[in-house]
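Mind the numbering: the sequence shown is residues 42 to 235 in the working numbering, read in order.
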Amino acid sequence: GWEAGLKFRPLAWLDGRLAVWRQTASNEARRKLNDPANDAENVGQTRRQGIDLQLNAQPAPQLGLWVGTALQRSKILQADAASAGTTGMEIDHVPHLLYNFGADYRPGDALKLSAWVNGQTSYFLERSNGTGKFGGYALANLSAAYRMTPALSVQLQVRNLFDRYYEYVWWDGAQSLHAPGTPRSVSGTLVAQF
């Protein structure tokens with residue numbers, strides 16, 4: 042495989058990174074999902090490729106913005122003899138787009154407020170690409186961190202703010218199996234440095 046990239050700073054308050062990559066495998070193997078013996082299986086000759094972009098902006102001293110995204114594609118170039126019909130299909134569980142973006146706001150030295158979204162598009166469940174696509178989601182999150190003393194801070198975080206249902210889905214050979222993601226959750230953390 043290979044990766045080529047560049048870092049850039051077109052403005053004093055804006056920087057980023059762009060990378061293009063490709064990975065080929067002559068004989069890709071993977072663990073079988075739901076296999077009681079934890080066996081592996083041969084996928085065949087594969088290619089994965091993508092573009093990654095990351096941007097960080099600081100338009101004001103108290104405001105930071107960031108975006109990260111990855112576009113990716115996968116293909117079975119030559120399938121294993123046991124599954125010859127999957128040649129030319131996509132590798133399962135590879136979403137085409139992954140993304141996150143957000144903002145950090147510091148109204149003062151002690152307080153930091155953050156909001157961000159992370160998500161991905163859906164993916165095929167198995168190598169024949171015949172069982173549909175699942176697994177896409179977009180989740181909003183919030184956090185507030187307050188430094189009480191130089192050595193003590195507290196953080197409150199809300200994940201999946203709008204309580205969106207999402208799931209990890211896989212194929213067991215006969216049916217799709219669905220594992221729900223975490224619903225809205227609120228957590229608090231106390232951090233002491235010494």
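No residue lacks a Cβ here, since even glycine has one placed at the ideal position from N, Cα and C.
Here residue 125 carries a helix assignment [DSSP, helix/strand/coil]. Rounded to whole angstroms, the gap between the alpha carbons of residue 146 and residue 116 is 41 Å. For residue 97, the secondary structure class from DSSP, reduced to helix, strand or coil, is strand.
Pairing residue 43 with residue 64, the inter-Cα distance amounts to about 6 Å. Within the segment 177 to 208, complete beta strand (DSSP E) segments of at least 3 residues are found at 178 to 190 and 193 to 200, given in chain order. Distances from the alpha-carbon of residue 98 to those of 49, 92 and 106 put 106 closest. Taking C-beta atoms as the reference points, residue 159 and residue 141 count as a pair closer than 7 Å. Contact check for residue 91 and residue 112: beta-carbon distance about 6 Å, within the 8 Å limit, so the pair qualifies.
Nearest to residue 104 by alpha-carbon distance, out of 214, 192 and 148, is 148. No Cβ-Cβ contact shorter than 7 Å links residue 197 with residue 162. A distance below 7 Å separates the beta carbons of residue 168 and residue 133.
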